[in-house]
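Written below as structure tokens is the structure these notes are about.
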Amino acid sequence: MKARSIVFLMLVAGVTLAAQSSSQERSLFDGKTSKGWRGFKKPAFPDRGWVIENGWLKHVATTGQDSAGGGDIITVDTFDNFDLQFEWKVAPGANSGVKYLVTEDRSGPIAHEYQVIDDALHPDAKIGPNRATAALYDAIAAPANKPLKPAGEINAGRIVVNGMHVEHWLNGVKVVEYELGSPALMAAKAKSKFKDEPGWGTKLKGHILLQDHGDEVAFRNIRIRELPSSTATRQ
């Protein structure tokens, strides 16, 4: 085989391996330590509120006030195109959330949120379906017949950000999808609490955040697969 052909094949193999590497799933929580996580706008993991218990990353109930138990936690790494999967459970009456595309240049952790809540008992879920489980919080509702398991049981969540296309999944079923920057999303934003927040609804590279809402919530099997920008298409 000619040297030029060998070099070409090596280059092709290298590109293929690089693409495979970029799409490999990796864990964001090892079930034993807080490695890879820190407090929002803080250099270290909180010394209270969050505990690691039987393979769960758990926030213990405090006073019911936001950030009363150590505050929100974020991944050390940032992401823009990704497929995030996680298991979660809430105590009766609890409220939390998984936020994504989170940046620290705002006064607070304003971002897109996959709502995690007890739909049956928490009053916020009663305000409207766009504040119930798996909704894009205060913007896009998940359907009423979504496959939700009750408080105390384990649910599986999934968030896909692929180019400008975003999906929320609950227990294997896609329940929300939208396009970043689209007229439909901007119309929903205009009716939401985020109407005056610049940048909300647009594509950003940011952290994954687990919310301290003062209630008991736990997460495990948190894993992510980064999606190459060049192949950002609907899944």
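Note that the sequence shown covers residues 239 to 473 in my numbering. Ideal Cβ placement from N, Cα and C applies to all residues, glycine included. Predicted, not measured: the structure shown is a model, and the values here were computed from it.
- request: Would you list, in sequence order, the uninterrupted beta strand (DSSP E) runs of no fewer than 3 residues that lie entirely inside the region 266 to 299?
  value: Here the runs fully enclosed are 275 to 277, 288 to 291, 294 to 297.
field: Residue closest to residue 531, alpha-carbon to alpha-carbon, out of 386, 278, 317
entry: With the chain running from 239 to 473 in the structure shown, residue 531 is simply not present.
Nearest-angstrom Cα separation, counted from residue 436 out to residue 368: If you number the sequence shown from 1, residue 368 lands on position 130. If you number the sequence shown from 1, residue 436 lands on position 198. If I take the Cα positions, the gap works out to 21 Å.
query: Expressed to the nearest angstrom, what Euclidean distance is found between the alpha-carbon atoms of residue 465 and residue 350?
result: Working through the sequence shown from its first residue, we reach residue 465 at position 227. Working through the sequence shown from its first residue, we reach residue 350 at position 112. One C-alpha to the other measures close to 19 Å.
task: Examine the Cβ distances between the region 386 to 403 and the region 332 to 339 and report whether three or more of them are shorter than 8 Å.
output: Here the region 386 to 403 makes contact with the region 332 to 339; the two share three or more CB pairs at distances below 8 Å.
Residues sharing a beta bridge with residue 334, DSSP: One-based indexing of the sequence shown puts residue 334 at position 96. For residue 334, which the question treats as bridged, DSSP gives the partners 354.
field: Contained beta strand (DSSP E) runs [length at least 3] in the region 423 to 451, N- to C-terminal order
entry: Within the region 423 to 451, the runs of beta strand (DSSP E) at least 3 residues long that lie entirely inside it are, in chain order, 445 to 448.
message: Does residue 463 come out as helix, strand or coil in the three-state DSSP assignment?
response: Residue mapping note: residue 463 aligns to position 225 of the sequence shown, counting from 1. Residue state, collapsed to three classes: strand.
- prompt: Are the CB atoms of residue 372 and residue 380 nearer to each other than 7 Å?
  reply: Stepping through the sequence shown from its first residue, residue 372 is reached at position 134. Stepping through the sequence shown from its first residue, residue 380 is reached at position 142. In this structure, residue 380 lies closer than 7 Å to residue 372 by Cβ.
- prompt: Apart from the five residues just before and just after residue 378, which ones in its own chain have a Cβ nearer than 7 Å to its Cβ?
  reply: Along the sequence shown, read from residue 1 onward, the residue named residue 378 stands at position 140. Counting only Cβ-Cβ distances below 7 Å, and skipping sequence neighbours, we find 368, 414, 416, 426.
query: Could you give the distance in angstroms between the alpha-carbon of residue 272 and the alpha-carbon of residue 283?
result: By one-based count along the sequence shown, residue 272 stands at place 34. By one-based count along the sequence shown, residue 283 stands at place 45. Our two residues, residue 272 and residue 283, have alpha carbons roughly 7 Å apart in a direct line.
message: The alpha helix (DSSP H) that contains residue 362, what's its start and end?
response: Here residue 362 corresponds to residue number 124 of the sequence shown, with the count starting at 1. Where residue 362 is concerned, the enclosing alpha helix (DSSP H) stretches over 361 to 365.
field: Limits of the unbroken beta strand (DSSP E) element including residue 317
entry: Locating residue 317 in the sequence shown gives position 79, where the first residue counts as 1. Note, residue 317: premise wrong, no beta strand (DSSP E); not H, not E.
message: Please tell me whether residue 300 and residue 446 are closer than 7 Å, where the distance is taken between their beta carbons.
response: Counted from its first residue, the sequence shown places residue 300 at position 62. Counted from its first residue, the sequence shown places residue 446 at position 208. Taking 7 Å as the cut-off, the beta carbon of residue 300 is found no closer than this to the beta carbon of residue 446.
- request: Determine the direct distance from the alpha carbon of residue 433 to that of residue 285, and round the result to whole angstroms.
  value: As a position in the sequence shown, residue 285 is number 47, starting the count at 1. As a position in the sequence shown, residue 433 is number 195, starting the count at 1. CA-to-CA, the gap between residue 285 and residue 433 works out to about 34 Å.
- request: Compute the distance between the beta-carbons of residue 333 and residue 453, then report whether it is under 7 Å.
  value: Numbered from its first residue, the sequence shown carries residue 333 at position 95. Numbered from its first residue, the sequence shown carries residue 453 at position 215. Against a cut-off of 7 Å, the Cβ pair of residue 453 and residue 333 comes out as a contact.
field: For residue 458, the nearest candidate out of 448, 418, 295 (CA to CA)
entry: Here the question's residue 458 lines up with position 220 in the sequence shown. Out of 448, 418, 295, 295 has the C-alpha closest to the C-alpha of residue 458.
C-alpha gap between residue 317 and residue 357, whole angstroms: Within the sequence shown, numbered from 1, the residue matching residue 317 stands at position 79. Within the sequence shown, numbered from 1, the residue matching residue 357 stands at position 119. Answer to the nearest angstrom: the Cα atoms are 29 Å apart.
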